[in-house]
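What follows is a single structure, written as C-alpha cells, with notes after it.
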DNA sequence: GAAGATTGCCGAATGAGATACGGTCTACGC
DNA sequence: GCGTAGACCGTATCTCATTCGGCAATCTTC
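Protein chains in written order, with this note's numbering: chain C, 15 to 163; chain X, 15 to 163.
If you want it as C-alpha cells, here you go:
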C-alpha cells in the first residue's frame, strides 16, 4: 500500500469504469501494471467490491434520519435484528448514553415512524431518539489519501 | 423506474463488474436491453456513478465517530467549511438541539481530536459532542427494493 | 378506430479493452 | 557473485461493451 495504490484507489472511487490504460497513465504505469496492482488491492480486501452509487431519492429514500437506540441489555449480539430492517443503512455500537446508533432512510416520515416502531420491538431496546436530517451537505467515500497524513 | 430497474440496481450494487449478458439474464432481458436500461438509469441520475468500495481500515480510517455540532449562527451556507476537512465523510443539517451532524473517520483518536479542533474553528460553531463508534454492525447501500413497499 | 409516433426489445457486427504471457530489470538474501 | 522474487513493460488474444437495423407493442392524435 504505497502512494501509487492510494492514487489508484482515489481514481477508482471517482470513476470505476475508466480503462486500465487511463488508470495507468494517471500514475505513470502501463495498463498491465495498473491492472496487476488493482487485482492485488482486491485480493487483499482493500477494495471490497465494485459497485454503483444509487441516488436515494430515486428509489424512495427521501427522508434521512439518525436514531440513537437506548437499551436495557447488552446489544452486542443484536446485529441481525437491525439488519432485518432494510431501511437501516448503518448500525453501530457506540460509546455514550445510548448503546446503538443507526442511520435510516425511508420515503416518508410515516414510514420512518414505522421503522422506529420496529426498532422499539427489538429485544432489549428501551427507547429511541430520532434526529431528522433537513439538508445533506455532502456524502462521500473515505479518502485513501488520509493514510499519507 | 419499474421492478426490472430496481433489480438491475440491486445486482449492480452487489457487483458492478459483471457483464451485461449476466445482468440481462438475471432479469430476463437480452444484453443489449439491459445495457440500454442501465444507460438510462445513469442518464436520469438514478445511478450517480460507478465506484469501488474501499476498506476504511486499509487506508487509515480505523476510528469512526459521529459529531453533533452546536452553533450560534445559521450554518446553512457552511457546506464548504466542512467539506474542507477530508476526514469528514458526511455532513448534514439536522432538526434538533445541535445544528449539524457529521460523520468522521480517522486512523487514531488523536487525529479525531484534531478534527474536532478544526471543526470548532469553523465560523459560528459553538461546541461539539462526539460519539465514538465501538463496533460497526454493518454499513450497506440504500436498498432499491424499498420503492416497492 | 386508424395512422403516426414513441418506446422497448432482440440479434448481429465491430471495435475497444480486459486479461494472460514472455521477457527484462532491479533489489535482496545467501 | 549468484539465484530468487517482485514489479514492470509490450504484445497477443479473446471477451465484452457499444452500436445499429429491424420488429412488436403501446400511446397519441385526429
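Even glycine gets a Cβ: it sits at the ideal position worked out from N, Cα and C.
Does DSSP put residue i in a helix, in a strand, or in coil?
| i | result |
| --- | --- |
| residue 43 of chain X | coil |
| residue 122 of chain X | coil |
| residue 173 of chain C | Residue 173 of chain C lies beyond the range of chain C shown here (15 to 163); nothing can be said about it. |
| residue 161 of chain C | helix |
| residue 144 of chain X | strand |
| residue 156 of chain X | coil |
Which residues of chain X have a Cβ atom closer than 8 angstroms to the Cβ of residue i, listed in chain order?
| i | result |
| --- | --- |
| residue 61 of chain C | 66, 67, 68 and 69 |
| residue 93 of chain C | 151 and 152 |
| residue 110 of chain C | 145 and 146 |
| residue 48 of chain C | The premise fails here: residue 48 of chain C is roughly 14 angstroms from chain X at the closest Cβ pair, so nothing lies under 8 angstroms. |
So, using beta-carbon positions, are residue i and residue j closer together than 8 angstroms?
| i | j | result |
| --- | --- | --- |
| residue 74 of chain X | residue 161 of chain C | yes |
| residue 35 of chain C | residue 145 of chain X | no |
| residue 64 of chain X | residue 31 of chain C | yes |
| residue 83 of chain X | residue 112 of chain X | yes |
| residue 158 of chain C | residue 37 of chain C | no |
| residue 81 of chain C | residue 18 of chain C | no |
| residue 116 of chain C | residue 136 of chain C | no |
| residue 118 of chain C | residue 129 of chain C | yes |
| residue 69 of chain C | residue 154 of chain X | no |
What number of angstroms, rounded off, separates the C-alpha of residue i from the C-alpha of residue j?
| i | j | result |
| --- | --- | --- |
| residue 67 of chain X | residue 156 of chain X | 14 angstroms |
| residue 51 of chain C | residue 39 of chain C | 13 angstroms |
| residue 96 of chain X | residue 42 of chain X | 45 angstroms |
| residue 53 of chain X | residue 28 of chain C | 18 angstroms |
| residue 59 of chain X | residue 57 of chain C | 31 angstroms |
| residue 45 of chain X | residue 100 of chain C | 29 angstroms |
| residue 125 of chain C | residue 152 of chain X | 21 angstroms |
| residue 148 of chain C | residue 90 of chain X | 10 angstroms |
| residue 114 of chain C | residue 127 of chain X | 22 angstroms |
| residue 105 of chain X | residue 16 of chain X | 31 angstroms |
| residue 78 of chain C | residue 49 of chain X | 31 angstroms |
| residue 47 of chain X | residue 33 of chain C | 23 angstroms |
Find the residues of chain C that neighbour residue i, judging by a C-beta separation of less than 9 angstroms, and give them in chain order.
| i | result |
| --- | --- |
| residue 107 of chain X | 147, 148, 149, 150 and 151 |
| residue 20 of chain X | 73 |
| residue 80 of chain X | 80, 106, 108 and 115 |
Quick one: list the residues of chain X neighbouring residue i, beta-carbon separation under 9 angstroms, in chain order.
| i | result |
| --- | --- |
| residue 29 of chain C | 63, 64 and 65 |
| residue 119 of chain C | 156, 157 and 160 |
| residue 38 of chain C | Ordered by position in chain X, no residue passes the 9 angstroms Cβ test against residue 38 of chain C, which lies about 16 angstroms from the chain. |
Please list the partners that residue i has in chain C, where partner means a Cβ-to-Cβ separation under 7 angstroms.
| i | result |
| --- | --- |
| residue 101 of chain X | 160 |
Quiz item: If you scan the stretch 57–117 of chain C from start to end, which runs of the alpha helix (DSSP H) of 4 or more residues do you find wholly inside it?
Solution: 93–97
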